[in-house]
Amino acid sequence: MGRRLDYVFTPKDIRSYVDITYKQLEYWDKTNLINPSIGTDLKVRLYSLVDIVFIHAIKTLRATGNKKYSVQALRDLIPKLRAKFDENEDDIFKVTFLFHPKFSFMFTGKIITPEEYKDFTIIDPYDFIKDVTKKIKR
């Protein structure tokens, strides 16, 4: 199926939906933490659904209290995870990410974690995109 172009996000959209500053987004782009996958040859940076999910993931992981997810660790991890969705971006709706400072997992379906897994950060792309599309339709 490939890249979905029914939703294309500008930096302004990203700032609105992910609650991130333009400077932060620009810095992540310049340092290759996360780059727009659409429109990189144009003067305007355009982001895909997969891009916005990973921008949300980076912001969420960096926002955890003690910054246990270093930028370098995320710079190594994010491209590996993004590559899983190059063939079919719709697959991002079928997984849930479970992050820990030492490793990460992708699962299909929902994850219910007992109290002993409180060190994990769970990111559900489906729920996040559902919230974004509600905001778009307003």
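So the sequence shown is numbered by our numbering: it starts at 70 and just counts up by one. Where is the CB? At the ideal position from N, CA and C, for every residue including glycine. All values reported here derive from a predicted model rather than from experimental measurement.
DSSP places V201 in the helix class (H, G or I) of the three-state scheme. Counting C-beta pairs closer than 8 Å gives three or more between the segment 95-104 and the segment 141-159, which meets the contact rule. Burial is judged here by how many other beta carbons sit within 10 angstroms of a residue's own beta carbon; I147 has at least 16 and is buried.
For F123, the enclosing alpha helix (DSSP H) has its first and last residue at L118 to A132.
The C-alpha of I198 is placed about 12 Å away from the C-alpha of E158. Nearest in C-alpha terms to I83, of all of A132, L118 and K99, is L118. Of T79, D145, F166 and K171, the smallest CA-CA separation from T129 is found for F166. V122 is positioned such that its CB atom lies closer than 7 Å to that of I161. Distance check between A132 and each of Y195, Q93 and V77 places Q93 closest, using alpha-carbon atoms only. Taking the Cβ atoms as the reference, T190 lies roughly 4 Å from F168, within the contact range of under 8 Å. One alpha carbon belongs to V201, the other to L115, and they sit about 16 Å apart. Rounded to whole angstroms, the separation of the alpha carbons of H125 and V164 is 15 Å.
With contacts defined as CB atoms closer than 7 Å, V87 and I107 fail to qualify as a contacting pair. Bounds of the alpha helix (DSSP H) holding I147 are V140 to A152.
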